[in-house]
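Be aware that the sequence shown starts at 170, since it is given in the working numbering, and climbs by one per residue. For every residue, glycine included, the Cβ atom is placed at its ideal position computed from N, Cα and C. Heads up, the thing below is written out as structure tokens.
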Amino acid sequence: MGCGHRVYKVKDPRATILQNLAEQLFKESGTDKYYDIALELEKAVEEKLGHKGIYPNVDFYSGLVYRKLGIPSDLFTPVFAIARVAGWLAHWKEQLAVNRIFRPTQVYTGTHDSPYIPMEAR
């Protein structure tokens with residue numbers, strides 16, 4: 170959602186880095202309505218929700234930065250995931266060392282054997 174974090178009860182430090190990057194990018198090439206809205210929204214969130222420990226997180230500015238860099242919006246999630254792959258692999262390697270079967274507590278309740286529909290037909 171762009172605000173709040175399970176761990177950080179202050180502004181997410183990654184959000185500060187992306188905010189500074191966004192500021193630099195928009196300063197160099199001109200502002201736009203989405204950046205201006207983000208600045209106002211951040212002020213409002215801090216005023217209304219800061220006392221609850223809810224501040225902008227890493228998602229708040231990442232979309233603006235990705236967009237300004239010319240990354241298509243349908244690639245925002247994959248780009249974000251790429252940054253996490255090293256961590257996911259490290260967790261997987263740790264799980265191998267424990268040598269126990271990982272049993273998730275969630276049970277899939279969705280449909281089974283659904284036909285594949287190509288992207289252009291969706």
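Within the DSSP bridge table, the entry for PRO225 names CYS172 as partners. Straight-line spacing of the CA atoms in LYS180 and GLY219 works out to 9 Å. Only buried fits VAL234, as 16 or more other CB atoms lie within 10 angstroms of its CB. About 6 Å separates the beta carbons of CYS172 and ILE223, which is inside the 8 Å limit, making them a contact pair. For VAL179, there is no enclosing alpha helix (DSSP H), as DSSP gives it neither H nor E. DSSP, reduced to helix, strand and coil, places THR274 outside both helices and strands of the structure shown, so it counts as coil. When the Cα atoms are used, SER283 and TYR277 turn out to be separated by approximately 14 Å.
By the neighbour-count definition (other C-beta atoms within 10 Å, threshold 16), ALA252 is an exposed residue.
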